[in-house]
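In order, the protein sequence lines correspond to chains F and A.
Quick note: the first sequence, position 324, residue 317 per the working numbering, numbers continuous.
Quick note: the second sequence, position 215, residue 208 per the working numbering, numbers continuous.
Just so you know, even glycine gets a beta-carbon here, dropped at the ideal spot from N, CA and C.
Computed from a predicted model, the values in this text were never measured in an experiment.
Number of protein chains: 2
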Amino acid sequence: MTDAPETAPETPSDEAPADAPGAGRGRRARGGADARRAARRGGGPVQQQRFITRAIPAYRTLNEEGLALVEGNADTILEEIGIEFRGDAEALQIWADAGADVQGERVRFPRGMCRQIIQKTAPREFTQHARNPERSVQIGGDNTVFAPVYGPPFVRDLDKGRRYAMLEDFQNFVKLAYMAPSIHHSGGTVCEPTDVPVNKRHLDMVYSHLRYSDKPLMGSVTAPERAQDTVDLMKIAMGEDFVANNTVLVSLINANSPMTFDDTMLGALKVYVRHGQGVIVTPFIMQGAMAPVSVAGTLAQALAEAMAGLAFAQLVQPGAPVVMGLFSSALSMQSGAPTFGSPEPNLVLIAAAELARRLGVPFRSGGSLCGSKLPDAQAAYESAQTLFPTVVAGVNFVLHSAGWLEGGLVSSYEKFVMDADQLGMMQVLTRGYDLSEDAQALDAIREVGPGKHFLGCAHTQANFQTAFYRSTIADNNSFEQWEVEGGLDAAQRANKLWKRMLADYEAPAIDPGVDEALQDFIRRKKDSMPDAFS
Amino acid sequence: MTDAPETAPETPSDEAPADAPGAGRGRRARGGADARRAARRGGGPVQQQRFITRAIPAYRTLNEEGLALVEGNADTILEEIGIEFRGDAEALQIWADAGADVQGERVRFPRGMCRQIIQKTAPREFTQHARNPERSVQIGGDNTVFAPVYGPPFVRDLDKGRRYAMLEDFQNFVKLAYMAPSIHHSGGTVCEPTDVPVNKRHLDMVYSHLRYSDKPLMGSVTAPERAQDTVDLMKIAMGEDFVANNTVLVSLINANSPMTFDDTMLGALKVYVRHGQGVIVTPFIMQGAMAPVSVAGTLAQALAEAMAGLAFAQLVQPGAPVVMGLFSSALSMQSGAPTFGSPEPNLVLIAAAELARRLGVPFRSGGSLCGSKLPDAQAAYESAQTLFPTVVAGVNFVLHSAGWLEGGLVSSYEKFVMDADQLGMMQVLTRGYDLSEDAQALDAIREVGPGKHFLGCAHTQANFQTAFYRSTIADNNSFEQWEVEGGLDAAQRANKLWKRMLADYEAPAIDPGVDEALQDFIRRKKDSMPDAFS
């Protein structure tokens, strides 16, 4: 059972996909630009979907024996080899005080210590509040939250090709994520705004998320003071008291796999958890480079790294909201590049989700990952082969769920909306089975009988508008009709869709006083230091 | 645990994908055309993969309550509405003799009757023998067999576009399936050879499977006498006694959903099961047209239809090898075309696999299905979104696992090899977890330690050649290298691959006397009747 409200599509015509933000094509123009925009979207504001609460079971692939073996090996790694906490004397002191064996920057842990620390205080799930309370998300349990691509320095679209990302691109992706009903989260670095100085970029990024979306967001982690700026901006946006007592940020703390955390990530982690804000502690692993080539070895090492980071967060701030993360890919032994959508990382992903459930913390992994340079069949095969296991494994927070291209070097406009369409399908899949009397449809089967068809029967007439997920990208016309309409491929249709979405975009309301205060804070911060571009 | 032998790649260079039949590009030319061909393939004959024996659990999504509800509703449909057996007086007599309520062509069944008939005599799994015993497949249980696309009247490739399929195309697809290591079965109508008269086509099709492949095949079902011809050809190919005592054919018997079997299909079914040959009884359903728009309604109707067909097969020939089939798609309410890779058919597919297990018969469904007109991102998203659930649901026989395009109207050369690559990945995924001491890799983790990399460590060196599935299609080079190599998309690379495979193709050996006898049989059959083209 799910308690997620089903969004009733308000679709003015058969041709308008129910889930398409830009659908309808002006068929119900009612005069005035606003009304035309609304009509193009299908008669009202974007019908946002609530985060997923899975009504189907998680898929489990590794048996008890295997899970226990991996957990034992993780403990062996923590005990014998240990984890390095680099450049952070406070972290080493915290570990020494907690009873770990600290030698230089190497920390070794008695068996079971990290697990005990985590299980004592870490919440099994938590709420991340958005500035629009309807967009708040629940992270953990049977819930899944989709967030967009994170980190690419480049963008690509069919018109202008591949190029460095600019702030305008960043804002465009924030807008597209806002317009996509099944993207529940605004994410973080949806692309790197390379036209903004490195030391000021975070200010424009956080502001863009707050101004152009009302979905929850991720904070800067590139320096402790930038993490602090992020928290300060959230206090302006959502109120000092509210931020003091609620989680309004979830930020990405990557381990430097193998078995290392650096001072930048540790510094950002400490800022966030001390403010009660969430962190996703993520071993970033290409099997064969940052971990062994084998699945079982990778799982044990990743679990060890994650547990050390999560336990550290709990020591700094008991009860802080934390997420166990895992970025899992395999190394191409030919090119040295990461590969995606392949079976070995999927075996890692599905088992790791179960390990996180056994540990008792939310899990982040997967996404719509691919190595392709183009939004072509390779991109789609690899993305779908990552997304489906991500969802059925029960991943709670899915970064890179839309837009990821070229191993994460590129945020793709076309792929963003193609992936968003797939997310909409996952939303329906996870809703599971309607076993109501109406859905059993015995009366319809009686009415139609052998050899007839169901097109015109009462049950079909009553249900067809909402019966099936309607893709925003797929062409299901006849071959002849498809040819008449130009014989476009999926990427070409996606190109039209993202442009229509941006054209239809309207910013969510924001209190003018809050907006001014945010801008004022940013102005003062920017004025306080010279530009730095590295 | 799987008992499937791991195929050791014999890869002459880092650049040659281990699983690519056409890989290697002549790097080890040893003189002579045979040696060159062998070298192009990586130094030997194609490294065929055995059918899959899943070492990971089946994914179950519908709970006991839901499954029992569907089973009860299927019984209600069989009892109250019944199934029509059209144009086949013998079938009606068989049902009357068995105690069913026969009125006209409508047959109604006491609750539980069909299930009891099936469970009394139908085998839970069976072997389909190929003329090469190493290629025989086990259908049912934890096994999965991949067979190519079935039925398209058109073919498409990047060079010549979309056109009617010819016998040469048919033979090409048989050759490609023979060359694809993870396609375990030669299939049936891989495309319609429209240049051969309709009434003689089956002879050339069966011959092509027997001559150009040594993998198991499917028989003709378009008329009882063509089914008999198929059996007779198999007797020539594999020996009369052998065929009398073993299953050498598995053929596709579609229900005319809703709730109807026609005389053509019933006639072919009777021929096959009376010879101890296998049939796949398949409700062919577009939700909204041949069944209700709802998942629960579709499941109940499909189960009712399949049980009626399977029970009929058992009445005709107790113990005959049977497979419960289900072709599940959703109807586009805009175009009337089937849609694929969407969540509703996937919910049907995964639950139906469990219903078949409860019934105790092998299950056929899924594949690499899509509605796209091109081998583009739509095709790949939809195919992957069908194939992954197909495999993890535990489908035993996967028709359409490669080459399917445009809702089954087109066999695509490029998509065939792209899909075959995905099948190779499924082969690795289903092998599950290696928990050996070597795979645990604790020594490698000890050797490398924090902050270093695993590229050069002993464990990586010992394992990297076989550690990861190597895609035959994906480009994982750097962006710059990819550009230098022409900036090709996946379909363009696939175009090169299938041509290389056909160029490298060598027919499996066949006894010249057998070949002559097959040709003689076909010549006499063809001479015995005038051509018919409809």
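DSSP three-state call for residue i: helix, strand or coil?
i                 : result
Gly17 of chain A  : The pLDDT assigned to Gly17 of chain A is 30, lower than 50, so where the model puts this residue is not dependable; a value taken from the coordinates is nonetheless given after this. In this structure, Gly17 of chain A counts as coil in the three-state DSSP scheme.
Asp497 of chain F : helix
Lys258 of chain F : The identity of residue 258 of chain F in the sequence shown is Met, whereas the question assumes Lys. Note: Met258 of chain F maps to helix in three-state DSSP.
Arg101 of chain F : strand
Tyr157 of chain F : strand
Pro368 of chain A : coil
Glu509 of chain A : helix
Asp222 of chain A : helix
Ala51 of chain F  : coil
Ala525 of chain F : coil
Thr379 of chain A : helix
Ala301 of chain A : helix
Asp94 of chain F  : strand
Met211 of chain A : coil
Thr69 of chain A  : helix
Glu478 of chain A : coil
Gln415 of chain F : helix
Asp150 of chain A : strand
Ser394 of chain A : coil
Ser404 of chain F : strand
Gly442 of chain F : coil
Thinking residue i and residue j are a contact (beta carbons under 8 Å), I'd like their distance in whole angstroms, please.
i                 : j                 : result
Ala297 of chain A : Val410 of chain A : In fact, because the Cβ distance is near 39 Å, the residues do not count as touching under 8 Å.
Gln40 of chain F  : Pro174 of chain F : 6 Å
Phe147 of chain F : Ile132 of chain F : About 29 Å separates the two Cβ atoms, so there is no contact after all.
Ala220 of chain F : Ala261 of chain F : 4 Å
Ala293 of chain A : Ala67 of chain A  : 5 Å
Thr291 of chain A : Leu245 of chain A : With a Cβ gap of about 20 Å, Thr291 of chain A and Leu245 of chain A do not count as contacting.
Cys363 of chain F : Trp397 of chain F : 7 Å
Could you work out which residues of chain A lie near residue i, taking near to mean beta carbons separated by less than 9 Å?
i                 : result
Gly97 of chain F  : Under the 9 Å cutoff, chain A gives no residues; its nearest Cβ is about 11 Å from Gly97 of chain F.
Arg439 of chain F : Ile70, Glu73, Ile74
Ile45 of chain F  : Under the 9 Å cutoff, chain A gives no residues; its nearest Cβ is about 12 Å from Ile45 of chain F.
Lys228 of chain F : What Lys228 of chain F touches in chain A: nothing, since even the nearest Cβ is about 36 Å away.
His452 of chain F : Pro285, Val286, Ser287, Gly290
From the DSSP output, which residues share a beta bridge with residue i?
i                 : result
Leu324 of chain A : A:Pro331
Ser250 of chain F : Ser250 of chain F pairs with nothing; no bridge assigned.
Ser464 of chain F : Paired residues: none, contrary to the question.
Ile45 of chain A  : A:Thr137
Gln280 of chain F : F:Ala284, F:Ala323
Met317 of chain A : A:Val274, A:Phe356
Ile132 of chain A : A:Phe119
Ile76 of chain A  : A:Val100
Leu245 of chain F : F:Ile273
Could you name the residues of chain F that residue i contacts, counting a contact when the two beta carbons are closer than 8 Å?
i                 : result
Arg53 of chain A  : Pro50
Phe139 of chain A : In chain order: nothing, as chain F lies at least about 15 Å away.
Met418 of chain A : Gly334, Ser335, Pro336, Gln378
Which chain A residues sit within Cβ distance under 7 Å of residue i?
i                 : result
Ala386 of chain F : Residues of chain A passing the Cβ test: none, with the nearest at roughly 10 Å.
Gln534 of chain F : Beyond the ends of chain F as shown, which are -6 and 527, falls residue 534 of chain F; an answer cannot be given.
Output, in chain order, the set of chain F residues within a Cβ distance shorter than 7 Å of residue i.
i                 : result
Leu428 of chain A : Gly59, Leu62, Ala289
Gln415 of chain A : Tyr374
For a contact defined as C-beta to C-beta under 9 Å, what are the partners of residue i on chain F?
i                 : result
Val148 of chain A : Residues of chain F passing the Cβ test: none, with the nearest at roughly 13 Å.
Met411 of chain A : Ala370, Gln371, Tyr374
For residue i, go through chain A and note every residue whose CB falls closer than 8 Å to its CB, in chain order.
i                 : result
Phe447 of chain F : Pro251, Gly281, Ala282, Met283, Ala284, Pro285, Val286
Phe457 of chain F : Gly281, Val286, Met326
Ala67 of chain F  : The premise fails here: Ala67 of chain F is roughly 10 Å from chain A at the closest Cβ pair, so nothing lies under 8 Å.
Check distances from the C-beta atoms of the stretch 513 to 526 of chain A to those of chain F and list, in chain order, the residues that come in under 8 Å.
none
For the stretch 308 to 337 of chain F, which residues have a CB atom closer than 7 Å to at least one CB atom of chain A, in sequence order?
Ala323, Ser325, Met326, Gln327, Ser328, Ala330, Thr332, Ser335, Pro336, Glu337
Name the residues in the stretch 352 to 384 of chain F whose C-beta lies less than 8 Å from a C-beta of chain D; which are they?
As a matter of chain content, chain D is missing from the structure shown, whose protein chains are F and A.
For the stretch 199 to 212 of chain A, which residues have a CB atom closer than 9 Å to at least one CB atom of chain F, in sequence order?
none
Using a beta-carbon distance cut-off of less than 8 Å, what residues from the stretch 240 to 261 of chain F approach chain A?
Asn249, Pro251, Met252, Thr253
Can you pull out the residues from the stretch 462 to 477 of chain F whose beta carbon lies closer than 9 Å to at least one beta carbon of chain A?
Tyr462, Arg463, Ser464, Ile466, Ala467, Asp468, Asn469, Asn470, Ser471, Phe472, Gln474, Trp475, Glu476
For the stretch 170 to 197 of chain F, list every residue whose C-beta sits within 8 Å of some C-beta in chain A, in sequence order.
none
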